[in-house]
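In the working numbering, the protein residues as written are 37 to 114.
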(Lines of atoms letter the chains of each structure in order from A and count residues from 1; the text may use other names and numbers.)
(Lines give C-alpha, C1' and ligand atoms only; values in the text may rest on other atoms or scores of the structure.)
Protein backbone atom coordinates (compact mmCIF):
# COMPACT_ATOMS: atom_id res chain seq x y z
CA UNK A 1 0.00 0.00 0.00
CA UNK A 2 1.17 3.53 -0.75
CA UNK A 3 0.22 6.72 1.07
CA UNK A 4 0.83 10.17 -0.36
CA UNK A 5 1.05 12.96 2.20
CA UNK A 6 1.06 16.71 1.59
CA UNK A 7 0.26 19.94 3.39
CA UNK A 8 -1.85 22.86 2.18
CA UNK A 9 -0.95 26.31 3.56
CA UNK A 10 -3.86 28.76 3.52
CA UNK A 11 -3.98 31.97 5.49
CA UNK A 12 -0.99 30.96 7.60
CA UNK A 13 -2.66 27.67 8.59
CA UNK A 14 -1.11 24.29 7.68
CA UNK A 15 -3.59 21.54 6.90
CA UNK A 16 -2.23 18.00 6.40
CA UNK A 17 -3.77 15.72 3.76
CA UNK A 18 -3.30 12.12 2.64
CA UNK A 19 -4.41 9.80 -0.14
CA UNK A 20 -4.17 5.99 -0.11
CA UNK A 21 -3.18 3.89 -3.13
CA UNK A 22 -3.20 0.11 -3.51
CA UNK A 23 0.08 -1.80 -3.79
CA UNK A 24 -0.54 -2.19 -7.53
CA UNK A 25 -1.01 1.58 -8.04
CA UNK A 26 2.52 2.98 -7.73
CA UNK A 27 2.31 4.79 -11.08
CA UNK A 28 -0.99 6.39 -10.05
CA UNK A 29 0.54 7.51 -6.74
CA UNK A 30 3.55 9.04 -8.48
CA UNK A 31 1.32 10.77 -11.05
CA UNK A 32 -0.77 12.17 -8.21
CA UNK A 33 2.38 13.45 -6.50
CA UNK A 34 3.56 15.10 -9.71
CA UNK A 35 0.20 16.88 -9.94
CA UNK A 36 0.71 18.22 -6.42
CA UNK A 37 4.24 19.35 -7.27
CA UNK A 38 2.96 21.15 -10.40
CA UNK A 39 0.49 23.00 -8.19
CA UNK A 40 3.39 23.86 -5.86
CA UNK A 41 5.50 25.19 -8.74
CA UNK A 42 2.51 27.25 -9.91
CA UNK A 43 2.53 29.08 -6.58
CA UNK A 44 -0.22 27.27 -4.71
CA UNK A 45 0.31 26.63 -1.01
CA UNK A 46 1.22 22.96 -1.45
CA UNK A 47 4.25 21.69 0.46
CA UNK A 48 5.80 18.59 2.06
CA UNK A 49 4.75 16.24 -0.75
CA UNK A 50 5.98 12.76 0.11
CA UNK A 51 5.10 9.09 -0.34
CA UNK A 52 5.42 6.21 2.08
CA UNK A 53 4.91 2.51 1.46
CA UNK A 54 4.07 -0.49 3.58
CA UNK A 55 3.94 -3.90 2.00
CA UNK A 56 1.07 -6.04 3.37
CA UNK A 57 3.10 -9.28 3.11
CA UNK A 58 6.14 -8.29 5.19
CA UNK A 59 8.00 -11.22 6.72
CA UNK A 60 9.28 -9.41 9.81
CA UNK A 61 8.35 -6.41 11.88
CA UNK A 62 9.46 -2.97 10.64
CA UNK A 63 11.93 -1.02 12.74
CA UNK A 64 14.92 -1.94 14.87
CA UNK A 65 15.02 -5.07 16.97
CA UNK A 66 17.12 -5.90 20.00
CA UNK A 67 20.21 -7.95 19.24
CA UNK A 68 21.58 -10.68 21.44
CA UNK A 69 25.06 -10.98 22.96
CA UNK A 70 26.18 -13.21 20.06
CA UNK A 71 25.55 -10.46 17.49
CA UNK A 72 28.93 -9.50 15.99
CA UNK A 73 28.40 -7.37 12.88
CA UNK A 74 31.36 -5.27 11.74
CA UNK A 75 31.70 -2.89 8.85
CA UNK A 76 34.68 -3.76 6.72
CA UNK A 77 36.87 -0.83 5.89
CA UNK A 78 39.75 -0.91 3.49
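Where a beta carbon is used, it is the ideal one built from N, C-alpha and C, also for glycine.
Please read all numbers here as calculations on a predicted model, not as lab measurements.
Residue i, buried or exposed, once every other Cβ within 10 Å from all chains shown has been counted against 16
i           : result
residue 56  : exposed
residue 107 : exposed
Pairwise C-alpha distance: residue j and residue i
i           : j           : result
residue 112 : residue 102 : 22 Å
residue 73  : residue 97  : 32 Å
residue 110 : residue 99  : 20 Å
residue 61  : residue 68  : 11 Å
residue 54  : residue 95  : 26 Å
residue 71  : residue 105 : 50 Å
residue 92  : residue 63  : 18 Å
Whether residue i touches residue j by CB criterion (8 Å)
i           : j          : result
residue 59  : residue 37 : yes
residue 81  : residue 40 : no
residue 150 : residue 83 : The structure shown has nothing for residue 150, since the chain only spans 37 to 114.
Of the residues the options, the one placed nearest residue i, counting alpha carbons only
i          : options        : result
residue 89 : 75, 65, 78, 77 : 65
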